[in-house]
Structures are given as structure tokens and as C-alpha cells.
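A quick write-up on the structure given underneath.
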Amino acid sequence: MRVHRNLQRLGALGLSLALGWWLWQGVTISPFQGITGPAARYIHGTARDTGAANVVAAILFDYRGFDTLGEASVIYTTVCGVALLFAKRRYRRSSHGLSFIVKRGMALLVPFILLYASSIIVMGHLSPGGGFQGGAVMATVTVLFCVIYGSSFEAARVSPKVKETIESSGALLFTAIGLIGLVTGGAFLTNSAAGFPRGMMGHLVSGGTIPLLNIAVGMKVGAGLSTLFYSMVKILEDPTESSPPEV
Amino acid sequence: MSDLFFGLSTVFMVAGLFFAFASVVGVIRFPDVYTRLHASTKALSGGAMMILAGTAFRAAAAGHWPAMVKTLLIAAFLLATNPLASHAIARACYRHGIVPKGTVIDEYAEKIRGDRS
Numbered sequence: 349m350r351v352h353r354n355l356q357r358l359g360a361l362g363l364s365l366a367l368g369w370w371l372w373q374g375v376t377i378s379p380f381q382g383i384t385g386p387a388a389r390y391i392h393g394t395a396r397d398t399g400a401a402n403v404v405a406a407i408l409f410d411y412r413g414f415d416t417l418g419e420a421s422v423i424y425t426t427v428c429g430v431a432l433l434f435a436k437r438r439y440r441r442s443s444h445g446l447s448f449i450v451k452r453g454m455a456l457l458v459p460f461i462l463l464y465a466s467s468i469i470v471m472g473h474l475s476p477g478g479g480f481q482g483g484a485v486m487a488t489v490t491v492l493f494c495v496i497y498g499s500s501f502e503a504a505r506v507s508p509k510v511k512e513t514i515e516s517s518g519a520l521l522f523t524a525i526g527l528i529g530l531v532t533g534g535a536f537l538t539n540s541a542a543g544f545p546r547g548m549m550g551h552l553v554s555g556g557t558i559p560l561l562n563i564a565v566g567m568k569v570g571a572g573l574s575t576l577f578y579s580m581v582k583i584l585e586d587p588t589e590s591s592p593p594e595v
Numbered sequence: 071m072s073d074l075f076f077g078l079s080t081v082f083m084v085a086g087l088f089f090a091f092a093s094v095v096g097v098i099r100f101p102d103v104y105t106r107l108h109a110s111t112k113a114l115s116g117g118a119m120m121i122l123a124g125t126a127f128r129a130a131a132a133g134h135w136p137a138m139v140k141t142l143l144i145a146a147f148l149l150a151t152n153p154l155a156s157h158a159i160a161r162a163c164y165r166h167g168i169v170p171k172g173t174v175i176d177e178y179a180e181k182i183r184g185d186r187s
């Protein structure tokens, strides 16, 4: 038994040391060491082709924009399916939420969370982040509302209909921006070749369609994920639960 | 001035490491969920915030004022959220029926009972 315990400790020590070594390698590695093939082409050509400072956003919304439309459609389909599956079962009452301290504290924080999410979406072509990430941060507000204040509060603040409308208009905006490329004679989702201004790299207005597509995807993902969470959480509540004392 | 900031940042970072280490020891050694929660909140309130303050001083020593302000904002966010989260966890544990180890007088339970009756 004791030997077994010691072996476990030795294993844990070895795992910690290996992870630490791995982390140290990541810290000390040189960023441009041995990058070849498509990666090198993207790193060197992004600024010239798209004008976006964030290479990942440029690949996601310019070089591989059509794939991103597919990804966003996957989320859209998922939301439609979940909303359809859970549509029938509705309880009138919602949970009572957490204590007064948490409710008050969260009320002070929620505007800043929304501001942060918007900045992630709008600055998607300049800094790490983008529509998917910012939309996910925006959807956490729904999760917080449902957990802390109860899901009827969430439904009263932002009605599910409005969220569905926002999501659908995000999808429409994405497709419309793609169609502009077709209208000007290029391919679907053409960026700077279709006449979108490339701008100065590092400025807010740069990167052509990339910021617009970021906003579209942000609308879609934010509204979609919050609809997803809301439609699943509203059936988990116990309608017979009595109100807890406020302490 | 920047030497002073650099030294201060090192002091803060070492203190933060101490807090993080102490909270790990506490999470392993303490007997029940409440004392462990007490230890684990120190990892964030003491450890992470001190390390962030050290980072802010280091950024100030290098002259990166925007980075300093951002770091301090992150620290303020942690300061605002960490007590809320640990309060919610502790309250949920108590309402689930976990009694703190070695409790003699439980005024909270009496208060809840008084409210119910």
C-alpha cells in the first residue's frame, strides 16, 4: 500500500516536471523558427493581401471565408434543432437565483462584460479575438442571468424572439457581404478585390470585409449560444420549489 | 525611478508566489470544504492579484503605461468577482447540508429556521 502511494507521488512529480519543461520550451521558443509552407505564405502575405493585423482573423474571414460561413451555419442548425426539441415543454416559473450579494455584484459587472465582448468583436482584425470569441463572451451574460437571477428574468430582459431575429440577421449580413463579391464580378466573399478598402494596417477601419464579417459572426454566435443555453435551461427548473429565505 | 519599480515588481511577484503556494498547501491539508474554500480564494485574491500588481510595476518600469492600466483593470475584475464566486459556492454548500467541521454554535441555521417558521 505504502509502495503504491509512493509510486503515485513519483508519477505526479514526473508529470509536473514534464509539464513544466514543456511550458518552459514554449516560453523560450523563437517565434519565426522553421516556419515553412502555407504558414510562411500567410504570415508574409496577410498584410499585403488583406490589410488585417491579425493573421488568424485574415485566414478565417478572407482566405477561408467560405469555410467560416459553413461553421457558422453549423451553429445556426444546432440552435434551430435544440430550440425545436425543447420548444414544447415550458414551465411558467423560474428559479429564484442566488443570494443578494451575488445579484448586486453581478449587476455592477454585466455592463463591463458586454463592453468587453463588443471590443473583442470590433477589434477582431487587430488583436486576438473575433466574432466567435466575442459572441461566446456575450452569451455568458445569458448564462449569468439564468443562473444568478433565474431564467424568467433573462426572458424578461431580452426576449427570445429578439435573439432569434439578431441571429438570423447575422447570417443574412454574412451572406449579403459575400454576395457583394459576386456582384462586382469576383468570387463569393471577395475582399479587397471587390473594392472594399484595405485601410492602414493597425487602424480600426482596415482589413476590408473582415470587421464586417466579424460583426455578423458575433451577432450570430452571441444570439445563437444564448438561445441554446436558454432553451435547454428553462426545462431544468423545478416548478414546485418554494422561495428560499433571503439570507 | 524605473529601478525602484523593477524592485517593487519582484517583491510583489515573490509575495504572490508565496500566496499561491500556501493556498495549494491549504487546499490539500485543510479538513472540509469551507476551510479549503478559504485557502483557495487566497490563490486568486492574494496570489494572482499580487502577481498582476508585480506585472503592472514591471510594465511601468519599461514605460508601457497602457499595459499597466490593463493589468490593473484585470486585477480589479478579479477583486470584484472572486468574493462573489466563493460566497456563492459556500452558500450552496451550506444549503446542501454540509455542516462546517467542529461547529458548536450555528447562528445561520437558527436564522434560516426563524425565517421559515
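Chains A and B, in that order, are what the protein sequence lines are. At the far end of the first sequence sits residue 595, using the numbering used here, and the numbering has no gaps. At the far end of the second sequence sits residue 187, using the numbering used here, and the numbering has no gaps. The beta carbon of each residue, even a glycine, is placed where N, CA and C say it ideally should be.
* To do: Report all residues from its chain with a CB closer than 6 angstroms to the CB of A:A465; omit the five preceding and five following residues, and keep chain order.
  => G482, V485 and M486
* What does B:T111 touch in chain A if you count any residue whose Cβ is under 9 angstroms from its own? -> Correct list: empty, because the minimum Cβ distance to chain A is about 14 angstroms.
* **CB of A:A401 within 9 angstroms of CB of A:S540, strictly** => no
* Asked: Taking C-beta to C-beta, are A:V332 and A:I496 nearer than 9 angstroms?
  -> Outside the modelled stretch of chain A, which goes from 349 to 595, sits residue 332 of chain A, for which no answer is possible.
* Neighbourhood of A:A564 by C-beta, 6 angstroms cutoff - its chain only, sequence neighbours within 5 removed -> G518, L521 and F522
* **Top-ranked residue by Cα proximity to A:G300, from B:F147, B:V94, B:V84 and B:Y178** => The first residue shown for chain A is 349 and the last is 595, placing residue 300 of chain A beyond what the model contains.
* Asked: Given a threshold of 16 other Cβ atoms within 10 Å of its Cβ, counted over all protein chains shown, does A:P545 qualify as buried or as exposed?
  -> exposed
* Would you mind stating whether A:I423 and A:G572 have Cβ atoms separated by less than 9 angstroms? => yes
* Asked: Which runs of the alpha helix (DSSP H), 4 residues or longer, sit entirely within the stretch 135-187 of chain B?
  -> Every alpha helix (DSSP H) stretch that sits fully inside the stretch 135-187 of chain B and reaches 4 residues is listed by chain position as 135-166 and 177-186.
* For the alpha helix (DSSP H) containing A:D415, list its first residue and its last residue. => Annotation: the continuous alpha helix (DSSP H) that includes A:D415 extends over G413 to L433.
* To do: Just tell me which of A:G479, A:L560 and A:E502 has its CA closest to the CA of A:G570.
  => A:G479
* So, does the CB of B:R128 fall closer than 9 angstroms to a CB anywhere in chain A? -> no
* **Contacts that A:L446 makes with chain B (C-beta to C-beta distance below 7 angstroms)** => Within chain B, the residues near A:L446 are A158.
* What residues of chain B sit near A:V450, judged by a beta carbon separation below 9 angstroms? -> L154, A155, H157, A158 and R161
* Asked: Going along chain A in order, which residues have a C-beta closer than 7 angstroms to the C-beta of B:A145?
  -> Result: empty, since nearest Cβ-Cβ is about 14 angstroms, beyond 7 angstroms.
* To do: Leaving out five residues on either side along the sequence, give the residues of the same chain with a beta carbon under 8 angstroms from the beta carbon of B:P101.
  => K171
* Please compile the residues from chain A whose C-beta is within a distance smaller than 8 angstroms of the C-beta of B:A150. => Ordered by position in chain A, the residues that pass the 8 angstroms Cβ test against B:A150 are G453, L456 and L457.
* Beta-carbon proximity list for A:I528, same chain, < 7 angstroms, skipping 5 on both sides -> A542
* Take A:M567 and list the residues in its own chain whose beta-carbon comes closer than 6 angstroms to its own, dropping the five residues that flank it on each side. => Within the same chain, A:M567 has close Cβ partners I514 and G518.
* Buried or exposed: A:S364, going by 16 or more other Cβ atoms within 10 Å of its Cβ? -> exposed
* Asked: Going straight from the alpha carbon of A:V404 to that of B:T173, what length do you get?
  -> 55 angstroms
* CB-CB under 7 angstroms to B:V103, same chain, minus the five flanking residues each way: which ones, in chain order? -> If the five residues before and after B:V103 are omitted, its C-beta is found closer than 7 angstroms to the C-beta atoms of C163 and I168, all from its own chain and listed in chain order.
* Asked: With 16 as the cutoff for other CB atoms within 10 Å, does B:M71 come out buried or exposed?
  -> exposed
* Any C-beta of chain B sitting closer than 9 angstroms to the C-beta of A:F460? -> yes
* Asked: Which whole-angstrom value is the C-beta distance of A:V458 and A:L492, which I expect to be below 8 angstroms?
  -> 7 angstroms
* Could you tell me if A:L446 is buried or exposed, where buried requires 16 or more neighbouring beta carbons within 10 angstroms of its beta carbon? => The residue is buried, with at least 16 neighbouring Cβ atoms inside 10 Å.
* Residues of its chain near B:I182, where Cβ-Cβ distance is below 7 angstroms and the 5 sequence neighbours each way are ignored -> none
* Mind listing, in chain order, the continuous alpha helix (DSSP H) runs of no fewer than 4 residues lying wholly within the stretch 491-537 of chain A? => 499-505 and 508-531
* **Contact between the stretch 121-138 of chain B and the stretch 78-86 of chain B (3+ Cβ pairs under 8 angstroms)** => yes
* **Proximity below 9 angstroms, CB of B:T125 to CB of B:P153** => No, they are not a contact pair.
* Looking at the C-beta of B:F88, does it have a partner C-beta in chain D at a distance below 9 angstroms? -> No chain D appears in the structure shown, which is made up of the protein chains A and B.
* **Helix, strand or coil at A:G385 according to DSSP, with G and I counted as helix** => Three-state result, A:G385: coil.
* To which residues of the same chain is A:P559 closer than 6 angstroms at the C-beta, ignoring the five residues directly before and after it? -> H473
* **Alpha-carbon to alpha-carbon, B:L107 and B:A155** => 10 angstroms
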